[in-house]
Structures are given as structure tokens and as C-alpha cells.
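Visitor: Below is a structure I'd like to ask you about.
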């Protein structure tokens, strides 16, 4: 037994020295333990500390991890809520205390993030979460259990980000999903005019009510709805009253907004836009008014340029006599415009009445007399009404109801040419000094254009008056119908050089007076050209009448005189003479001969009674212009003219225009004469039709037109030659031979080249004409007949009686 007992003791000793093995546990117990260990490890890894606050006994217990977070130990930590409060940063204490009190009062959750001051003075961010537990009997909170962990590293990163955001020159704020401010940097505080203490936690729509329904709200909601960034520029009214460039993008926390003030940039851009608009308006005024040379049309255009661009309605007044004793006498309202068509009639009536109703103290009178603009910034209707006599004009003014007004004189070259009265209504911003300056600039441009138009009209009137004074009425011989037309150029600069003339030239033969017609064109288009034209016209007329020369000799004489008088001008001209020659036989009547010469002028046209049209000159027949070479030999041509035939002379203004040269124009004129003449009632009607057909509206150049028709007389006897060009050219040297013959024989030498002679006859049959001339005295030595005549027979001489010159010429 003892062994047995010893054995048992030994075994007991062995059992005491061997390690204890815990009793086996169930799988459920092991799982729960594993979960606690794993949770504890996770908490330790996360650095989370726990706390329990016994609210009944006011004891606060922290675990070791939490003590470590606060830099304390069991001895240094007092275990009371006051000990905790001493660790919290003073700036955060109130917020943390409020969170604890809310949780206790509601037996709810506790959340707070705050800074603690470690014993070393270092700051550390702590985030704590917990829950208040209630007593089952009373329902009051008796314990608050929670945990806390270190968030310093997070806040360091946020602090770095915050420092970046705070150092930004642009404003930044963060909105949460409820549109509340969660962050505002210092620049945003400055631009928004409110501090972050007031903005944080407040809704943007409450802090800035003008943003509701604006561009801001539209784009902010768009960013959250689409999940994409937005960029825009928008204006926020007072009290901010600024333009902002905004970029917003959604984030998990809500909406991040970056913006900066672009008011200065917008102001600069607006100034540039206004400047560009101003320049464009000035250019438009210069272009539109410079495009017309009619003063009335110019002011009408000015009115439409100003309304509605600068005002609601306006009146433009021409100052025709700024020196008039009564200022009203020199004024005339000629243009007006209104944005409201229903008030156009009222404005028209006011324009017809106001000048007569304005008193001497009116703003318009002040602008005209003092040559200074007037600005009325408010109560324009009342103020203008005080300087209007009672009556319809004042009534119409109140209907127009202007709120502000400007009256600006338009001055150019030291005189006031017009006055602009511009008005705005109550629904439009009042005029400012900047508007006044702009209108004055416009006025200076407009004044120059209007004064140019005035000078143009004056110069045109002078030129036309000068030119028409020189274009005298033609003679009215019984056998010729002479019609003239003159149309001035639309451009005053092209008036001045064209003329026509018709006059009688003494004939020393039995035919009586010859009729000379001329059309010419002085090179140049101005008043000086008109003056040169008058001088040249008078010179040609006087030379022709005094000398009795034929056309070619007249042109040569003009060349000589121009050189002698040192006239520095050139001109084209065509001179034609109608001569009456008796037929052979007492009862045979007379023939009319046409003699002409060209000096660089468009060819004359001869229209036969049958409707054929002949050019009376070609390149070989058209000599040099007058004023170039006095030694040039000028050709002359001759034709018989039958009754009913019409000679047409004209200047190049009738046939030349842009896009069509002279030759094309002459052909067009020939076609028009051919087609128009049969339907023309008379020569007057023919000339009118030619002008209408060849000139489209206002001519580009002066037009002088002269037509001569040989009146129909008794039917021609058989053998009378028809109208045609004689195969003859003759120069002014033949005139010299005429004078030599006169000196030798004491008689005039009669042939187709002579102006008149003694006994002379024309006998024609078929295409041949026999020219017979007799000298009553015994001739001297035989001389050749005129050298310029072709197909003529030899001179024949009778033994007794007068000497006869006989020529046979072929007619066309």
C-alpha cells in the first residue's frame, strides 16, 4: 500500500511538475476567442484607443493605447472629464464639449475631431467616436463608451493642401452634396466679401441668393448631373458686382469650385469692344455719307445710322445760312428717324413744327450760335418744353417723351453745316459725356462729308451755270431745223468741257447766209475746263464769222490763235457748214451742200430720209486734236444734202461709258438712230430718244448733242442729185488759192470749195455733177483748177466773154 502510496505520491509529484494542459474547448468558443484576438490586433495596428466614461460616478477610464495617444500615463492622467478637457486645444474645446453633451442628452452617437496638446507642447489631431448607453430603468445615459485614433498624418496632408489653397492667388471653395460650404480659402473670402466662419456650413443659395436661377446654378447643377467639369464666365450683381471666370468639378465630397475676378479684364475688353464699335461706326458714317454728294440724302443716311445705334429718335437739321440774322432762317429740318414706327408720324409732325415754335433761348439756338454741343441727362421733355411755345409742337414733344438728349453742331471748314438732335426714352440709359464725345466725333466726320456735298452742289451749279450760259440758242433759218441738247455729268468733277454752237456765216454769193454748226469737247472736267471751253468756243465762233473760212480753215485758224495766245489746253471738235447753191436755170431752185471737218472728234452721222445712216469720218479723215500742232493739214469733206436728211453731232459722253469703248458706242448709236428715227415725231423727239437710249440715268460724262434737219421743200425735179459724200477732200490751202485767185482776177473763184462766188451753178444727173463757175473779167494766165477735186475735166476758155471753170465730180 505504501508502495502503492509511494507510487501515488511520486505520480502526484510528477503531475505537479508537468505543464498544465487546458481542458479541451468547443469550436464555438475557439471562434469567438479568435475574433476577439483578431479585433484586438486590428485595433492595435490602427492605433485605436478605447475609453469609458462612467457618468454616474464621473470616472473616465482610458486604455493604454489612448493614454499613449495623449502622451500620458496612469499617474499623470487624473481619470476625470476635466483631465480630458485640459488636453484639448482651447480653440476646439467648445465644439468637442457640445458634441459630448448632444450624445449624452440624446443617448446617441458621439463624433468629434479635435486637436490635443501633448505635454511636450506638440499638437496632435484625434478623431473620436462613441455612443451614450442608457439605464434600462430610467432611460438616462449612464455611460459613454468610445474609441479614438490619431489623424495627425491625415491633417498634415490636408494642412499641406490647405496651405497650397491658402497661398493660391485664385479663390477656391468646396461645397458638399447639400450645397453647403465646407472649405473656403482666404482669396475666396476676399472676393466673396464674407469670412469662412460665416460661410462654413451655410448653403450657397442662402449666402448668395442672386445665384439662384442664374448661370452659376445652371452650370453647378450640370457638373453634378454629368460628373464632368464645367467652365464659364458670369456676372454677379451687387454687392459683388463683378465678372468671374469659374471652373467647377464634382468630387466625392461634393463640388469643388475654383474662380477668379475678371472684372478688370472684362472692363478692358468692353473698352476695346466699345472702341472697335466706335471706330466701326465712324467708318460707317464716313463711308455712307461719303458715298453720296447730295446733302439731303447725306443727312437722311446720318439719321438712320444714329437710330437705334445711339438713340431712340433723332432730327437732323441743315444749316444753310449760318450768318442769317434770324437763326431760324438758316435752318431746315430735313431728316428724322424713330425706332418705333408707330411714332414716326408724330416725329414727322414735330419736325415740321418745332423750328417755328422754338424760342431764342432754345438748346438748338444755343448750339448754332455758340457752336457748342448741349447734353441733357434727365427730364429732357420738360426742359425742352420750356423753350417751345405752347401749341402743337409742345404737344408732339410730350408724345415723343424724351428722357435725355444731345444737341451737337456738325462743323467743317470753320462753319456749321448741320445740327443733330438725338434723344433717348425712359427705358434706355441716359446719355453720358462719353456718348457726347462719340457723337461729336461722328459729327466731325459727317460734317466734312456734308460740306463736301455742299461744295459739290455749289461747284456743280457754278459749272452748269457757266456752261449753260455759253450754250446759246441756235439760229432758226427757214430751210433748217436745229435742235440742241446738253446733259451734265452726274459727277461734278466731269462737268465743264463739252459744248455745242450754231451761228450764221456771211456768204458773198447768191445763197445768202451759210449756217455753221459746231460740237466740241475740251480735255478736262472741272470749272477750269468750262472756262477753257468758253474761251475756245468764242474764239472759234469769232474767227469763223469774221473770216468766212470753210470748216478746215477755221480749225487751222483756231490752232494758230491757240498757239499765239499760249492756251495750254486741247480739244476735239467737228465743224460743219450748210451752204445754199442755186441750181442751173431760173426756175430750178437751189441745192444745199454740207461741208465739214473733224479734229479728233467722234464722227458726225448723216441720216437720209430713207433711213440710211452714214459715218462722216473715219480714222484717215479725223485729224489731230486742236491745240497740238498748228502746222497740221486738216482735211475737209463735202456732200449734197437732200431735204429731210439729218446731220447728228455729239460728244463722246453720249457713246462712251464704263465697260464700253467709243467704237462700240458709236455703232450702238448708229443702230439706235436707224431704229428710232422712223418713229420720231420730229427732230426734238429724235434727240430725246437718243439721249434716253444711250444714257442710262445720269450720264457719266457731259453730253452735247446737236441735230440739223434740212426741211422738206417742193419735190425735186428730175436729175437732182441725192445726199451723198462727194469724192473730194480739201484742205485749208485751197482757201489760200481762193484768195490768190481773187487778187489776180478781181472776182471770187466759185467751186465747191468757195464760200460764195459770182455766177455759179450745179447741174447733176445720175452720179455725176457738173460744177460751172464763171468770171466776168478776162482772166490772167491760165491756172489749174483746184487740185483737191478728183475726176474733173480740164479748164476750158471761151474766146470772148467771161471765163468758165467746169468740173465734173462723181457723187456718192
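Numbering (this note's numbering), first residue to last: 1445 to 2256. From the three backbone atoms N, C-alpha and C, an ideal C-beta is built for every residue, glycine too.
In terms of residues, what are the limits of the beta strand (DSSP E) holding residue 1847?
Guide: Element bounds for residue 1847: n/a, residue is neither H nor E.
Visitor: Assuming the contact rule is C-beta atoms closer than 8 Å, residue 1594 and residue 1568 should be a hit. Round their C-beta distance to whole Å, please.
Guide: 6 Å
Visitor: Just mark residue 1815 as buried or exposed, buried being the case when its beta carbon has 16 or more other beta carbons within 10 Å.
Guide: exposed
Visitor: Taking the beta strand (DSSP E) that residue 2258 belongs to, which residues open and close that run?
Guide: An answer regarding residue 2258 cannot be provided, because it is not within the stretch 1445 to 2256 covered by the chain.
Visitor: Excluding sequence positions up to five away, which residues of its chain have a Cβ less than 6 Å from the Cβ of residue 1556?
Guide: 1540, 1543, 1572
Visitor: If I follow the unbroken beta strand (DSSP E) through residue 1683, where does it start and stop?
Guide: It is not in any beta strand (DSSP E) - residue 1683 carries neither H nor E in the DSSP assignment.
Visitor: Rounded to a whole number of angstroms, what is the C-alpha to C-alpha distance between residue 1668 and residue 1630?
Guide: 25 Å
Visitor: Please identify the residue among 1849, 1735, 1771 whose C-alpha is closest to the C-alpha of residue 1750.
Guide: 1849
Visitor: Quick check: what's the CA-CA separation for residue 2127 versus residue 2153?
Guide: 7 Å
Visitor: Where does residue 2265 land, buried or exposed, given buried means 16+ other C-beta within 10 angstroms?
Guide: Here the chain has residues from 1445 to 2256 only, and residue 2265 is not among them.
Visitor: Taking all protein chains shown into account, decide if residue 2071 is buried (16 or more other Cβ within 10 angstroms of its Cβ) or exposed.
Guide: buried
Visitor: What is the DSSP secondary structure of residue 1618, reduced to helix, strand or coil?
Guide: strand
Visitor: CB residue 1818 to CB residue 1771, shorter than 9 Å?
Guide: no
Visitor: Answer with buried or exposed for residue 1753, where buried requires no fewer than 16 other C-beta atoms within 10 angstroms of its C-beta.
Guide: exposed
Visitor: Which residues in the same chain have their Cβ closer than 6 Å to the Cβ of residue 1977, if we skip the five residues on either side of it in sequence?
Guide: 1941, 1943, 1966
Visitor: In the DSSP assignment, the beta strand (DSSP E) including residue 2149 goes from what residue to what residue?
Guide: 2147-2154
Visitor: Taking residue 1570 as the reference, give the member of 2018, 1494, 1501 with the closest Cα.
Guide: For residue 1570, the nearest C-alpha among the options comes from 1494.
Visitor: What does residue 2026 pair with, by DSSP beta-bridge criteria?
Guide: 2034
Visitor: Is it the case that the CB of residue 1886 approaches a heavy atom of the ligand NAD more closely than 8 Å?
Guide: This structure simply doesn't include the ligand NAD, nor any ligand for that matter.
Visitor: Quick check on DSSP: helix, strand or coil for residue 1950?
Guide: When secondary structure is reduced to three states using DSSP, residue 1950 falls in the coil class, being assigned neither helix nor strand.
Visitor: Alpha carbon to alpha carbon, what distance is there between residue 1855 and residue 1892?
Guide: 7 Å
Visitor: Would you kindly work out how many angstroms separate the C-alpha atoms of residue 1640 and residue 1512, rounded to a whole number?
Guide: 34 Å
Visitor: Taking all protein chains shown into account, decide if residue 1673 is buried (16 or more other Cβ within 10 angstroms of its Cβ) or exposed.
Guide: exposed
Visitor: Are the Cβ atoms of residue 1423 and residue 1801 separated by less than 9 Å?
Guide: No answer is possible for residue 1423: it lies beyond the span of the chain, which begins at 1445 and ends at 2256.
Visitor: Who are the Cβ neighbours of residue 1521 in its own chain at under 7 Å, not counting the five residues just before and after it?
Guide: 1506, 1511, 1527
Visitor: With DSSP run on the structure shown, which of helix, strand or coil describes residue 1981?
Guide: helix
Visitor: Can you tell me whether residue 2017 is buried or exposed? The criterion is at least 16 other CB atoms within 10 Å of its CB, across all chains shown.
Guide: So residue 2017 ends up on the buried side.
Visitor: By Cβ distance, which residues of its chain are closer than 6 Å to residue 1611, with the 5 residues on each side in sequence left out?
Guide: none
Visitor: Quick check on this structure: which residue in 1756, 1584, 1806, 1851 has the alpha carbon closest to the alpha carbon of residue 1784?
Guide: 1756
Visitor: Quick one, are the C-beta atoms of residue 2020 and residue 1980 less than 9 Å apart?
Guide: no
Visitor: Should residue 1716 be labelled buried (16 or more other beta-carbon atoms within 10 Å of its own) or exposed?
Guide: Taking every protein chain shown into account, the CB of residue 1716 has fewer than 16 other CB atoms within 10 angstroms, so this residue is exposed.
Visitor: For residue 2149, count neighbouring Cβ atoms within 10 angstroms of its own Cβ and tell me buried if that reaches 16, exposed if not.
Guide: buried
Visitor: Residues in its own chain within less than 8 Å of residue 1957 by CB, not counting five upstream and five downstream?
Guide: 1921, 1948, 1949, 1950, 1951
Visitor: Looking at residue 1588: is its Cβ nearer than 9 Å to the Cβ of residue 1492?
Guide: Cβ distance not < 9 Å, so residue 1588 and residue 1492 don't count as in contact.
Visitor: Three Cβ pairs or more, each shorter than 8 Å: is that satisfied between the stretch 1922-1932 and the stretch 2107-2124?
Guide: no
Visitor: Enumerate in chain order the residues of its own chain whose CB-to-CB distance from residue 1498 is below 8 Å, with the five nearest sequence positions on each side excluded.
Guide: 1504, 1505, 1586, 1587
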